[in-house]
Amino acid sequence: MNDPRLNRRNELRDATRRHFFSQCTLGLGSIALASLIAERGLGGEADAKTINPLAPKATHFPAKVKNVIFLFMAGGPSQLETFDYKPKLNELSGQPIPESFVAGKRFAFMSSSHRNDLLGVRPAFKQYGKNGTWVSDLLPHTAEIVDDISIVKICKTDLFNHAPAKLFMNTGSGLFGRPSLGAWVTYGIGSECDNLPGFVVLQSGPRGPRGGAMHWTSGMLPTTYQGVPLRNQGDPILNLSTPKNISSVQQKQLVDTVRELNLQRLVETGDQEIATRINAYEMAYRMQTSAPELMDTSGETAGTLSNYGISNPNEASYARNCLLARRLVERGVRFVQLYHTNWDHHGGPTENLETHLPAICKEIDQASAALIKDLDQRGLLEETLVIWGGEFGRTPMGEVRESTGRNHHIDAFTMWFAGGGVQRGAVFGETDEFGFGPVDRSAHVRDIHATILHQLGLDHERLKVRFQGLDVRLTGVEEAHVLHDILA
Amino acid sequence: MSTDYAMRWMAICLWASVIASGYVASSLADEPLSYDRDIRPILSENCFACHGFDEKSREAGLRLDTRSGAIDDGGVIEPGSPQSSLLVERITTSDADALMPPPDSGKELSDEQKEQLRRWIEQGAEYEKHWAFAPPARPEIPLIEQVAHPIDRFVQSRLEKQGLTPSPLAAPETLIRRLSLDLIGLPPSPQEVSAFKQAAEADFRLAYDVLVEHLLASSHFGERWGRWWLDQARYADSHGYSIDGEREIWKYRDWVIAALNADKGFDQFTIEQLAGDLLPNATVEQKIATGFHRNTQINMEGGVDPEQFRMDSIFDRVATTGNVWLGLSIGCAQCHDHKFDPISQEEYYRLFAFLNNQREPSIKLYPVTEAPVDSREGAVSGGSRIGTEYIDEREMESRKQAVEHALQAVITPFASALAKWEEQLDKIGRDALSQETQAALKIVAEKRDLREQSQLLLGSGLLVANGSGNAEAELRRLLDERTRLLSEMARGVSTMVLEELAERRPTHILIKGDFTRPDAQVTPGTPAVLHPLPASDDLPTRLELAQWLVDDANPLTARVIANRIWQQLFGRGIVETENDFGFQGSIPTHPALLDWLALELRDDSWSLKELLRKIVTSHTYMQRSHVRADLAGVDPNNLLLGRQNRLRLDAEIIRDVALVASGLFSAKVGGPPVYPPIPEGVMSQGQFKHPWKTSAGENRYRRALYTFAYRVTPPPSLNVFDAPDGLSSCTRRIRSNTPLQALTLLNDPAFVEFAEELEKRIEREGLEQAFVYCTARKPTETELRLLEQLDALNQARALLNLDETITRE
C-alpha cells in the first residue's frame, strides 16, 4: 500500500503504542493504559491529521518536486536592466513612448511623478549559454546558469502598489488575510520534517517587505500552516531558547513531565486533542535542538561558503540565507521563502538605477547562482522548484530625478524558474520593442501559482478551503493555466 | 406559513441531525426525501454554480434552483418518472462529454447522491423554501419524563431517537471553572471553588444559580463577551495595510464592554453601532458606537488611489454586515449575482448604497471632571461602567465659549481706560509690573488673546482703582476656568465614528466589483428574498437598515446570534456554518431548538444575558465532556450533544488564566490599550518598525483584551493561539494545536515571569493549591508524584503548560 497518508497513520499509531509501552511506567500500568484508550474509542482509527496536521498528505497527481525555494526580490526588480534586452530604449531614450502604449493605463503615483519619456538602459547585455540568452552585466553569475533555468519574460500582475502586489504574488489576492503560497503548499502536501516547521521565511536587506507578516500568513487556514520567520538575531525561532535560568536537563524533565501529565488527562477524558498536543510538545522540543543546528553553518566547507560568497558565516545576508535555504530543504522543509529588499528603484537619492540597482544585483547574483549549482550537485535540484522574481517590474519610461529610476510596471516583467520538471535553458515569451507588454501571451500570477502547485502534484482548482460561504483557492475564481511551455 | 414549509419543517425536525456526512442516513432509506435536507445540498454543491440563481453564468439557460426552472422551462425533470428525466440521464451517463457535472469541473456526484436525486424525482421532485429564509416558529417542546429544561428536552429527545443518553453532570470543580471561563473568561480561585463545592453539597441547584448570577453581574462579563463581539467587529488598534500606523478607537471597545455589562438589548446594540449617529439627539455614547464600521483598514501607502481603498472598506462593511447579522455570504455578490443564494448583484449594491454615504471623522471626547452621579451605578454588582463620563468637542467648545464670553464681558468696559493706561506707561512704571504683565505688553495690542488682555487688566490695577474687587476675583476665576478647559481640551480622547453626509453619494453597480467600471445607479434597498423595509416616501438610511436587521420579521438575525452564542458554549453552532445560513450552509442539527433559542432571545427584549442564563442552566451545558465509547461509535463528532466538548481556550484567556494563577492579574476594566512585554524583534516583522513602549506597573498585567493590537504585527503569543487579526470579521475562531504554541508556553518571557510568580505561590500555599489555581481541581496521587520530581519553578512551568490549564473541560 503506497498511500503515504496510511503509512504515516500506521507509523504514528505504532509510535504511540511504543510510547505507551516503553515510557509510561508511572501511574497506571502500560497495558491498563492501552486498554483504557482502546475502550474510549481511541484506538487505531485515529486519523493522522488529528495527531499531526503537518503529516504528509497524498497529492492530487504524482508530484515533480517536493520542495519550493522562492527567492522574492521585494520592491520590483527592473527586467530591462537584467534580462529583457531592449536596444530600442537606448535609441529612443528621452522621447515619449507612443501614446498607443499608455492610453487608458493606470500607474502608481499617477498624479505626481509619472512620466512618459523612455529611458535608455545603462548596463551592457551579452549572450550566454547554448541558446544565446541575453543577460546584463549586472548579473554575471546568473549568466553562468542560464542553461539550468527557464526565464519567463512575460509575467503579468494586476496590482501596481507594493503591498497589494506582493500580497497578490504571495496569496493570489491583493486583500489582506488570504493564505499565502507556502501555507497552501504545506496545507496541501504536509511536511516530511518532524523537527522544523513546514514553511520557513528568511529575510535580508535594509527592511522587511512591505506588508510584513501578511506575506506568510495562513489566512483562513489553521496557523499550523503559517510561515515561520527564521530570525537573524537572537533565537532563530521566536521563544526557541530554554529560559536563561533553566538548564537543558531541567527543560527535558519538564517536557517529559508535561507529557506524562497530559497522557494522564488523555486517558481520563479520551480527548484526541491532547494526543495532538503531546505531539506538538515533542516537535517543539526537537525544534529547540534542530533549529540552532540548522543555523550553525560551521560544518560547511570553505569552498561552499566561498561559492555562495559568504565572507562571514555568522552575519545575516542574502547569501547566508541562500545557504540556509539549501540546508532547510535538505532537512525536509517544504517551502522556503527568501525576501531581499530593496528593489524599488524610482530614481531618488537612495534608490536609483545608477548606484543602487548594481549594488543589489551584486548582493543577490552570486548566491542565487551558487544555490542552483549547490542543489544540483547534491541531487536536490531535481526535487526542488526554485523561483526568482519580485512583485512586478519597471516601466520602460524613466523617472528622472536627481538620478534615474523607473516606475512600477505590471504588464510584463521577468522571473526565472529552475529545478525538477522545469526546462533547462529555456526563455519563454517575448515582449514588444520597449518591453512594455507581451507580444502575444502573458504568464499571469495565477498561471505562475497554478504551475507551482502543479509541480507539487496539486491541482489549483481542487486545492481549496471553504470560508464565509466561498471556496477560497490560491488562484481565485478566474481561469489559470499551468505554464506547460517551461516544463520539461 | 405555506403547507409546503410546514411539511418540510416536520421532516426537518424529525431528522434534524442528518447532516452531509450522512452517518445515520442509511437507516432512513425508506423515508421521503426532503428537498431542503437532502437534495438542495447536493444541487447547491454540484450544480448551482452553472444552473442556479446567477443569470450571467447560467449554462444552457437551465436553472435547477427553482421547480419551474427545472421542470417547466428546463424540462429536465419529469416528476415521478426518473427514467424519463434528462437530469438522471445526464448524471448517470458513461459518456464523458455528456456527464454532469462535467469531469473537468472537479465536481463529482457519489452513487449515493445520484440515487437520492433519482428517488427524489420518483417521489415527485417537490421543492421547498430554504429553512433559514422562513421566519422561526414557536416549536412544540418535546416531552421527556423528569426533564424540565426546554433545551434538555430538545436535545435528549434527539438523543433518545438514536438510543443514546446524555452524560452525567460534570464535577463541581469542572462546572465552576467551565462557567467562569465561559461567562467572564477568568478561572475561579481555590477559595471560590471550595465555597461553591460546599454550597453545592447543601443545595446544588441553588449554589449553581447563585454562581450564574454572580458571574453574569461581574464587570468582567463584558470583557469576555466583548471580545466575542470585537472578533466580529474586526477590532484592532492600527490602520492595517502595509503602513499599519496606530489608530485611536479604544473608546469603541470600551463601549462594547459597557453595553454588554449593562445587557443592552441586542436590537438597540445593533442600531447604535450601525446608525447611532442618526438617532434623534444622538448621545456621545451612541456616536462612539458607530465605531463598529470604522474598524476597516485604511491604506496610507504612497501612490495609492484613496477612492479604491474607500470602496474596499465599504465592500468590507457590506460583507461584515451580511456575515455578522444575517449569516449570509452577501460579499459573494460583489462581482456577480450570488452563485448559490438568491442575492443579485444589484441587491448587493443596494445594500452597499446604505453604507456609501458617510464621512469618516474622528471625534474628540473629553472626560467630565465632575461626572454627574449615575443612578444606575452600583445597581449591578461589580459595577458595569467604565471610567468617567465623556462629552464631545461641540459641548466642550460651547463651555469654553461661555467662559470666554464672560471674560470678554468683564474686559470690554475697561477697553479705553486700559489703552490710555498703556499709553501713559513709562519705563519705570513698566519695570515695576509683573513678568506676565510685561510679557503681555510686548504683544501688539490687536494680537493679544483673552488671557493676555485679562493679564493687562489685572496688572493695570484699574479694577481695584475702580473699586471692583469682586470683578477682579471673577476675572481670576474665569481665567482659571478657561485654563482648565483648555488643558482638558488638549488631553481629550479621540475615537473614529461615522457621520452621515447631508447629500447622498450616488452608488452604482460596479462591473465585476471594479470601482473604475460603474454601471447603472441604484438606490438603497434590501434583498427581495427577505422581509421588506417599511414603506416610506424618503430613501431609507442606515438607521432603517439597522432597524430592518432586528425587525421581528427578520428570519435570520435572532437565529444567527443565538447560534453564535451556542457556538461559544459548545464549540460548534447548531448550524455549523455560523456565517452561512444560505443554501451552501450546513443545516441545523437541532432546528427546533435553534428556533426556540432565537425566539426566546427576541422575546426576552433581546437580552443576551437572559439567553446565556437559559443555556448554562441546562443539563446539556452542565454535563461531562469526557469521550464516551458508546457515543463515539454513533456520533463521533458529538453533533447530538450526548456530552459537552473540551475546548482549547481562546488566545486571550490563555494569558488571563496564567495571570490569575500567578496572582499578577490586574482587574482594571477599560482604558487605552497597554503594552505588556513582547519578545524582541517582533515589531520589525512589518514594513515599519512601530515602537513598543513596554508598560510598567499594573498595565503590564492587564487582560489580553487590552494589549495593543497591530493588525500586521499582532502580539505573537496571541497570534499563535489563533487570535483574529482584525483584517476581516471573524465569526468563529480556528483552534489550532501547534509546536509554536508549545514554545510560547514553555519559553516566552512573559510566561516565564508568570511561572516565577506561581513558584512563589507554590512555596507559600503548596503544590496542591497551585494545581487548583490552574485547573480548579485537586491533583491525583499520580499527578502529584509526577510533579514532585521537579523543582518549584519547573512545577509552576509544568502547571502552566498543562493541556488542561489551557482547556475548558
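Sequences listed follow chains A and B, in order. Per my numbering, the very first residue in the first sequence carries number 1129; after that it's consecutive. Per my numbering, the very first residue in the second sequence carries number -14; after that it's consecutive. Glycine included, each C-beta is placed from N, C-alpha and C at the ideal position. All of these numbers come straight from a predicted model, not from anything done at the bench.
For residue i, list the residues DSSP reports as bridge partners.
i: Met1525 (chain A); result: A:Leu1246
i: Gln343 (chain B); result: B:Glu485
i: Ala1546 (chain A); result: A:Ile1277 and A:Val1514
i: Glu231 (chain B); result: B:Ser223
i: Pro503 (chain B); result: B:Leu495
i: Gly1533 (chain A); result: A:Glu1527
i: Ser479 (chain B); result: B:Lys349
i: Gln1255 (chain A); result: A:Trp1262
i: Leu1615 (chain A); result: A:Val1550
i: Pro1357 (chain A); result: A:Val1329
i: Asn1470 (chain A); result: Asn1470 (chain A) is not bridged to any residue.
Apart from the five residues just before and just after residue i, which ones in its own chain have a Cβ nearer than 6 Å to its Cβ?
i: Glu93 (chain B); result: none
i: Pro64 (chain B); result: Gly109 and Ala110
i: Leu28 (chain B); result: Leu49
Within 10 Å of its beta-carbon, does residue i have 16 or more other beta-carbons around it, so buried, or fewer, so exposed?
i: Glu208 (chain B); result: buried
i: Ile136 (chain B); result: buried
i: Asp710 (chain B); result: buried
i: Lys1214 (chain A); result: buried
i: Val560 (chain B); result: buried
i: Lys236 (chain B); result: buried
i: Phe1189 (chain A); result: exposed
i: Arg826 (chain B); result: In the structure as shown, chain B starts at -14 and stops at 794, and residue 826 (chain B) therefore has no counterpart that could be examined.
i: Asp82 (chain B); result: exposed
i: Asp1175 (chain A); result: With a pLDDT of 41 at Asp1175 (chain A), under the threshold of 50, the modelled position of this residue cannot be trusted; read the value that follows with caution. Result: exposed.
i: Glu789 (chain B); result: buried
i: Ala755 (chain B); result: buried
i: Thr1579 (chain A); result: buried
i: Val1567 (chain A); result: exposed
Once the 5 residues before and after residue i are set aside, which same chain residues still bring their CB inside 7 Å of it?
i: Thr422 (chain B); result: Gln440, Leu441 and Gly444
i: Val1457 (chain A); result: Asn1195, Ile1197, Val1464, Leu1508 and Thr1512
i: Thr1261 (chain A); result: Gln1255, Val1274, Ile1279 and Val1555
i: Ala538 (chain B); result: Pro120 and His516
i: Pro327 (chain B); result: Phe38 and Val514
So, under 8 Å CB-CB, residue i and residue j are touching, yes? Tell me the CB distance rounded to an integer number of Å.
i: Gly1203 (chain A); j: Gly1518 (chain A); result: 6 Å
i: Glu485 (chain B); j: Asp262 (chain B); result: 6 Å
i: Glu1401 (chain A); j: Arg640 (chain B); result: Glu1401 (chain A) to Arg640 (chain B), Cβ: 20 Å. No contact.
i: Asn630 (chain B); j: Arg1405 (chain A); result: Not confirmed; about 16 Å, so no contact.
Within a Cβ cutoff of 8 Å, which residues of the same chain sit near residue i, ignoring the five residues on either side of it in sequence?
i: Val601 (chain B); result: Leu164, Asp167, Leu168, Val197, Leu554 and Met607
i: Cys1450 (chain A); result: Leu1199, Tyr1436, Leu1466, Ala1495, Ser1496, Ala1498 and Leu1499
i: Pro724 (chain B); result: none
i: Leu149 (chain B); result: Asp615, Leu616, Val619, Asp620, Leu625 and Gly627
i: Thr1187 (chain A); result: Gly1316, Ile1317, Leu1584, Gly1585 and Leu1586
Got a sec: is the Cβ-Cβ distance from residue i to anything in chain C below 8 Å?
i: Ile234 (chain B); result: Absence of chain C from the displayed structure is noted, the protein chains being A and B.
Relative to the ligand FAD, is the shortest distance from any of its heavy atoms to the C-beta of residue i smaller than 7 Å?
i: Glu431 (chain B); result: Among the components of this structure there are no ligands whatsoever, and the ligand FAD is therefore not found.
Chain B contacts from the segment 1400 to 1419 of chain A (Cβ-Cβ distance under 7 Å) | Glu1401, Ile1402, Thr1404, Arg1405, Ala1408, Tyr1409, Met1411, Ala1412 and Met1415
Given a limit of 8 Å on CB to CB distance, which residues of the segment 723 to 751 of chain B reach chain A?
-> Thr723, Pro724, Leu725, Gln726, Ala727, Leu728, Thr729, Leu731, Asn732, Asp733, Pro734 and Val737
Give the residues from the segment 773 to 791 of chain B that approach chain A closer than 8 Å (Cβ to any Cβ), ordered along the chain.
-> Gln774, Leu775, Asp776, Leu778, Asn779, Arg782, Ala783, Asn786, Leu787, Asp788 and Glu789
Scan the segment 1354 to 1372 of chain A for residues whose Cβ lies nearer than 9 Å to a Cβ of chain B and list them as they occur along the chain.
-> Gln1354, Val1356, Pro1357, Arg1359, Asn1360, Gln1361, Gly1362, Asp1363, Ile1365, Leu1366, Asn1367, Leu1368, Ser1369, Thr1370, Pro1371 and Lys1372
For the segment 538 to 566 of chain B, enumerate the residues whose C-beta is nearer than 7 Å to any C-beta of chain A, in chain order.
-> Asn564 and Asp565
Can you list, in chain order, the residues of the segment 1388 to 1399 of chain A whose Cβ is nearer than 9 Å to any Cβ on chain B?
-> Glu1388, Leu1389, Asn1390, Gln1392, Arg1393, Leu1394, Glu1396, Thr1397, Gly1398 and Asp1399
Of all the residues that make up the segment 653 to 668 of chain B, which are near chain A by a beta-carbon distance shorter than 7 Å?
-> Pro664, Glu665 and Gly666
Could you list the residues in the segment 1508 to 1539 of chain A with a C-beta less than 7 Å from some C-beta on chain B, going in chain order?
-> none
Short-range partners of chain A found in the segment 628 to 641 of chain B, where Cβ spacing is below 8 Å = Arg631 and Arg633
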